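> Residues 1203 to 1921 (this note's numbering) are what the sequence shown spells out, left to right. For each residue, glycine too, the CB sits at the ideal point set by N, CA and C. None of the values given here were measured: they were computed from a predicted structure. Right, I'll just put the structure down here and ask away after.
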Amino acid sequence: MADVGQNNQATSSARKPKRVLACVLCQHRKVKCDRKFPCANCQKASAQCIPAALVPRQRRRRFPERELLDRLRHYEDLLRKHDIKFEPMHAGANQAPANAMNADENSGDDSATEEMNSPRDSRAENSDDAPYVAKNYWKAMVSKPQGIGSEHGTKDEDSSPDDIQEKSITSILDERFDGEEHIFFGSRATSIDLSTLHPEQSRIFKLWQIYLENVDPLLKVTHTPSLQARIVDAAGDISRIEPTLEALMFSIYCVAVYSLGDTECNKQFGFSTRDLLRTYQFGCQQALLNCNISKTDNLESLTALILYLISLKMMLDPRALFSLTGVAVRIAKRIGIHIEALNAKENALTAEMRRRVWWALAMYDDRLSEMSKFKDAALSPTWDCKIPSNLNDLDFREEMKATPTPRNEPTEAIFAVVRAEVGDFQRRSLFHLDFTNPILKTFITDISHGPIRRAGELSDLQKMIEERYLKQCNPEIPLHFMLIWATRLSLAKKFIMDQYSKYSAVPDKQTEEQKDATLGYAMQMLEADTILTKSGLCKRFTWYLHLYFPFPAYVHIVHDLKRRPGGKLVEKAWKAMNDNYDVRFIDADRDSTVFFRIFPRAVKAAWRARETFLGAIGQRAQLPPMLTSIELITAQMGLTFLGTESVASRSSPDTPAESITSSSFFDTSDDSSLSSLSAFGMHPADYWNLSQSMDIDNSQLSWPGMTWNNPVPTFPWQP
């Protein structure tokens, strides 16, 4: 008990009363204050007595070392601007621009890191160490003179309360324009409880598993280990999910359902794909509204928007979807995920996810730009985001600061990595810029963005990808099988585009060998697509094959067969086209209307040229099976060859397919060819000067008759 008493006395003695300061007036007049409020002096003078403790303390003077460093940086900047050689204070300060983007990843001083007010308010934005990052206009406007504060970094304590702060403006805008999210998805349905739109717990996990198997391996825009734990927790109490996670969950439901065919969806969930998509897409819209998606700077909200837009692929006109994707691109650029200097200063996991999300968005936007006849897409040489690292999700932990060393063997992210490798080459290649933004060819030869890619380097790229990535893949693994053939298909298309870039203006200057080479690339596209579509290993990735139907290969082959019916590759070309048709259109129905309104008359002209050529040398042409199939299907659909009465409509319903001859099949003299090519990602007069070299009437390149309201057609070719 005595010890307890002593402890209490010691504690009470330690609690000394706070020192009472003299009032403000006594301090100013330098007289003794009795420290009672009001004090005697103030009462005598009939003045207001203000305790000194109530007056804000004056801002502490910045320590001299900070001022010295600021001045030193200022002088170094002046020396750099005037090209005067000097020895910088910090090693590596004047390193080559090509390495400047990685400076924050490998070095940097901790004090500067502490001075960052936000992810975008960093030294990288304004210093000459990262000259390819746009300066912050706002910071330049409110920056202090040297010695008081500089744009290289000042703490909030160095700014006056009277200063106009960027975050203050943002806060006012949020209040002033609160509730305008309806411009994106319409008015928010306030009467609906979002928790009622979530599936039951068992279906949440089933949809998550479908996403992991069908979608995640190709996109890799989510980090499975960390996200799965959050989804498990959220599924336990749907009513208390944070808005960004809820939006991401709904977007996962959407793309998971989108990746299924109608039959599979009915089997697993008891609903058609259309009905289930409609429900989850509505829920995703409301969840995105709750995230203030149009103003967000949250990476998870952006990821949810991207997955939602992918699920819209089969429902919307590509032009409308491309416009919506443009909003996602703008949001991504506002966050800054396309700028490597900003990515590099994040922790390893966040930086990697920023890169993955940007590349997935850029590649999707590029494909939609092809389909909507818009030339300038996000895939351009005007940004410097690195390609994703060849690492597994488990290689990253949230506390990691440095990115692990990429693996040499295939990983979970291998598909996203290789696709980005090809995309990174494409965005700086002559053939890509010729079809998108030719003026950029004069601006991309600097050290940071790398030299412009020449035609010969495309072969080097192909060799590098085969040796570094594809050679190590196991074709018995579905993802590896998909990677091997999808990459070869993509590279073959790049070779075709390169040829078009060279000879679109002067097609007559192509030699026969060059024409055969281009035809060979088109055949490679069809052969690779046939292998992918036919294989059961790629069944889960059919949704991706929908997006990349090889229509440019069809166009080129049909055109070449019409112009050169006696070429040495003719038989192989007809076989490649016939084989691809067999696997792509094995279950034709009315959902395939678009293709059968476009293709028959083009192939008709090519086959008639073949018949004429063989007839001239005394041989008879054998009608390819695909032509018979096309005629029967168009008859069943009630279609005609773009205005020409079909043979079947003039024949008896009992007429066998074998009795339909080539002469009856092609009894029209109309040679008009393809229309609405952009529906398949074919740019009329872009990939090739189609209006001249393909005898296409540009007046036919219109959209009437296109049906885009079916969310998931059974046909993998439809754009």
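Below 8 Å, can you find three or more Cβ-Cβ pairs linking the stretch 1689-1699 to the stretch 1630-1639?
Verdict: yes, contact present.
> Near P1363, what residues of its chain come up, given a Cβ to Cβ distance below 6 Å and the 5 sequence neighbours on each side ignored?
Residue placement at P1363 is poorly supported in this model, since its pLDDT is 49, which falls under 50; the coordinates still yield a value, given next. Excluding sequence neighbours, P1363 sits near nothing in its chain.
> How big is the Cα-Cα spacing for K1547 and K1603?
Using only the alpha carbons, I get a separation of about 9 Å.
> Within 10 angstroms of the Cβ of A1431, are there 16 or more other Cβ atoms? Answer buried if so, exposed if not.
A1431 comes out exposed.
> Any idea what DSSP makes of P1680, helix, strand or coil?
If DSSP states are grouped into helix, strand and coil, P1680 belongs with the helices.
> Just to confirm my understanding: we take H1758, look at its own chain, exclude 5 residues before and 5 after, and list those with CB closer than 6 Å. What are they?
Excluding sequence neighbours, H1758 sits near A1724.
> Are the beta-carbon atoms of L1479 and T1527 separated by less than 8 Å?
Their beta carbons are not under 8 Å apart, which means L1479 does not touch T1527 by this criterion.
> Identify, in the order they occur along the chain, each residue of the same chain with its Cβ nearer than 8 Å to the Cβ of F1387, setting aside the five sequence neighbours on each side.
Correct list, in chain order: Q1487, Q1488, L1490, L1491.
> What is the rounded straight-line gap between the Cα of R1221 and the Cα of A1254?
Distance between the alpha carbons of R1221 and A1254: 11 Å.
> Go ahead and pull the three-state DSSP assignment for P1767.
Of the three classes helix, strand and coil, the one that applies to P1767 here is coil, per DSSP.
> Where do the ends of the alpha helix (DSSP H) carrying T1446 lie?
From DSSP, the alpha helix (DSSP H) with T1446 extends over 1445-1460.
> Under three-state DSSP, which class holds C1740?
Three-state result, C1740: helix.
> With DSSP run on the structure shown, which of helix, strand or coil describes S1513?
The answer is helix: DSSP assigns S1513 an H, G or I state.
> Leaving out five residues before and five after H1536 in sequence, what residues of the same chain have Cβ atoms less than 7 Å from its Cβ?
In the sequence on display, residue 1536 carries Arg and not His. D1499.
> Take M1509 and list the residues in its own chain whose beta-carbon comes closer than 6 Å to its own, dropping the five residues that flank it on each side.
The residue you asked about is not Met; residue 1509 is Leu in the sequence shown. S1453, V1457, listed in sequence order.
> Note down, in chain order, each residue of its chain lying with its Cβ closer than 6 Å to the Cβ of E1415, except the 5 sequence neighbours on either side.
Excluding residues within five positions, the ones whose Cβ falls inside 6 Å are R1742.
> Going by DSSP in three states, P1709 sits in which element: helix, strand or coil?
Of the three classes helix, strand and coil, the one that applies to P1709 here is helix, per DSSP.
> How is the alpha helix (DSSP H) around C1244 delimited, first residue to last?
Unbroken alpha helix (DSSP H) run through C1244: 1242-1247.
> List the DSSP bridge partners of S1441.
Its beta-bridge partners do not exist; DSSP assigns none.
> From the DSSP output, in three-state form, read off S1496 for me.
DSSP places S1496 in helix when its eight states are reduced to three.
> D1662 to D1597, Cα distance in whole Å?
Going from the Cα of D1662 to the Cα of D1597 covers about 30 Å.
> Return the residue from the list A1615, I1641, F1801, D1626 that minimises the CA-CA distance to A1564.
With distances taken between Cα atoms, A1564 lies closest to D1626.
> Could you name the residues that DSSP lists as bridge partners for C1467?
For C1467, which the question treats as bridged, DSSP gives no partner whatsoever.
> In its own chain, which residues sit with a C-beta less than 6 Å from the C-beta of T1356, not counting the 5 before and 5 after it?
Note on T1356: pLDDT 41, under 50, position unreliable in the model; the coordinate value appears next. So no residue of the chain qualifies.
> Count the other CB atoms within 10 Å of the CB of I1641; is the residue buried (16 or more) or exposed (fewer)?
With fewer than 16 Cβ atoms within 10 Å of its Cβ, I1641 is classed as exposed.
> Could you tell me whether the stretch 1717-1733 touches the stretch 1667-1681, using the rule of 3 or more Cβ pairs below 8 Å?
Touching, no.
> Can you tell me which residues form a DSSP beta bridge with C1587?
The partner list for C1587 (beta bridge, DSSP) is empty, contrary to what the question assumes.
> For P1926, count neighbouring Cβ atoms within 10 angstroms of its own Cβ and tell me buried if that reaches 16, exposed if not.
No information on residue 1926 is available, as it lies outside the stretch 1203 to 1921 that the chain covers here.
> List the whole-angstrom C-beta distance separating V1624 from S1525, where the pair is believed to meet the contact cut-off of C-beta under 8 Å.
Not really, about 26 Å apart at Cβ, beyond 8 Å.
> Considering T1424, what are the terminal residues of the alpha helix (DSSP H) in which it resides?
Where T1424 is concerned, there is no enclosing alpha helix (DSSP H), given that its DSSP letter is neither H nor E.
> From R1629 to P1583, what distance separates their C-alpha atoms?
Computed Cα separation, rounded: 6 Å.
> For K1774, I'd like the list of residues in its chain whose CB is within less than 7 Å of its CB, leaving aside the five on either flank, ordered along the chain.
Same-chain partners within the cutoff: M1725.
> For K1764, count neighbouring C-beta atoms within 10 Å of its own C-beta (all shown protein chains included) and say buried if the count is 16 or more, exposed if not.
Classification of K1764: buried, given that the 10 Å Cβ count is 16 or more.
> Could you round the C-beta distance between W1687 and I1733 to whole angstroms and report it? I think they count as a contact, below 8 Å.
Right, their Cβ atoms sit about 5 Å apart.
> Three-state secondary structure (DSSP) at P1253?
Note: P1253 maps to strand in three-state DSSP.
> Go through the stretch 1564-1614 residue by residue and report every complete run of the alpha helix (DSSP H) that reaches 4 residues or more, in order.
The stretch 1564-1614 contains no whole alpha helix (DSSP H) run of 4 or more residues.
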